[in-house]
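Enquirer: This structure is in structure tokens; I'll ask about it shortly.
As structure tokens, then:
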């Protein structure tokens, strides 16, 4: 009985062994139960949207839209390529005052201006001391003049670099941190310049090919067309000679330029030199409009030219005749 009671008593050693056993079991479960695997990167990409602000809008939405915008707009033009909608005209830039320009400086420039060293005034050197001049008096020729030893030069005193009391401290330029208004102003300026550049590039690409010919032109492909044009203008002008010029017996010469499109229609009429009489100037322009449309430009001319400019001297003669030479 006594030995059974002694064996049933749990000693501190037994508790320590039991605790160590459970601790080992817990650590083994933690180590082998947790899986350390690298995080898999998501294969899905974030899609972005490009939204454009258009200047005009339409009630009907297009069937196939090329861009996203805040309103519907139907494209136009004759270009086969898709053109990105841009501003038709550049936005006006408001002139800035120097204070606004200083305010709109970036932070790095502002700090540079604040930390820049103050300007120092260079001291003016003292005026050089006047060298002694030896005064010689008239001595009679009979007396001997003693030679005086040359005066010893005095050591020149070096001017001490002293800072002028009048030098005033230049206060640093007051600068402020860039604001949201300055950022918006810069963004508008950049957008305005971008729109202006795009407009100039488009105008440059779309400008027609022009050719100026005069009576001195010797190229064969222009000479025949210009001669036919001159004959038609003179015929129409003589049939429709201005009556007021006939009654007043006016005569004069004028230089007129006529721009002709590829289909023979008139693009523009320019009076380069007046005859001195408004009646004759207006009559020449009216005669050109009566003679239009002219013959279409030949294929060999249309290959290189879109608009042909013909400049001729018109002569209203005293015999009531018109000549375009």
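In UniProt numbering, the protein residues as written are 1 to 325.
Here a beta-carbon is modelled for each residue, glycine too, at the ideal position from N, C-alpha and C.
1) Do the segment 188 to 204 and the segment 250 to 268 touch if we need at least three Cβ pairs shorter than 8 Å?
2) Have a look at residue 270 and residue 280 and give me their C-alpha separation to the nearest angstrom.
3) For residue 310 and residue 221, which I take to be in contact (beta-carbon distance under 8 Å), what is that distance rounded to the nearest angstrom?
4) Give the secondary structure of residue 10 by DSSP, where H, G and I count as helix, E and B as strand, and everything else as coil.
5) Looking only at its own chain, which residues have a Cβ that is under 8 Å from the Cβ of residue 290, when we skip the five neighbours before and after it?
6) Measuring alpha carbon to alpha carbon, tell me which residue in 306, 304, 319, 324 is nearest residue 312.
7) Taking 6 Å as the limit between beta carbons, can you name the residues of its chain near residue 252, skipping five residues before and five after?
8) Classify residue 183: buried if its beta carbon has 16 or more other beta carbons within 10 angstroms, exposed otherwise.
9) Looking only at its own chain, which residues have a Cβ that is under 7 Å from the Cβ of residue 14, when we skip the five neighbours before and after it?
10) Can you check whether the CB of residue 308 is closer than 7 Å to the CB of residue 260?
11) Per DSSP, residue 311 forms a beta bridge with which residues?
12) Helix, strand or coil: how does DSSP classify residue 252 here?
13) Helix, strand or coil for residue 294, going by three-state DSSP, please let me know.
14) Taking residue 284 as the reference, give the member of 29, 322, 188, 249 with the closest Cα.
15) Throw me the rounded Cβ distance for the residue 247 and residue 306 pair, which I believe falls under 8 Å.
16) For residue 293, which option in 273, 320, 19, 232 has the closest C-alpha, if you only look at C-alpha atoms?
17) Nearest-angstrom Cα distance between residue 12 and residue 28?
18) Could you have a look at residue 200 and say whether DSSP puts it in helix, strand or coil?
19) Is it buried or exposed for residue 215, if we count other Cβ within 10 angstroms and need 16 for buried?
20) For residue 318 and residue 199, what's the separation of their Cα atoms in angstroms?
21) Mapping the DSSP letters down to three states, classify residue 211 as helix, strand or coil.
22) Around the Cβ of residue 30, are there at least 16 other Cβ atoms within 10 angstroms (buried) or fewer (exposed)?
23) When DSSP builds the beta bridges, which residues end up paired with residue 266?
Expert: Taking the coordinates as given:
1) The way I'd put it, the segment 188 to 204 doesn't touch the segment 250 to 268; fewer than three beta-carbon pairs between them come closer than 8 Å.
2) 14 Å
3) Going by Cβ atoms, the distance from residue 310 to residue 221 rounds to 14 Å, so no, they are not a contact pair.
4) coil
5) 236, 240
6) 324
7) 275, 276, 277, 280, 316
8) With fewer than 16 other Cβ atoms within 10 Å, it is exposed.
9) Hits under 7 Å: none found.
10) yes
11) 257
12) strand
13) Here residue 294 carries a coil assignment [DSSP, helix/strand/coil].
14) 322
15) Contact doesn't hold; Cβ gap of about 42 Å is too wide.
16) 232
17) 24 Å
18) helix
19) exposed
20) 51 Å
21) strand
22) exposed
23) 260
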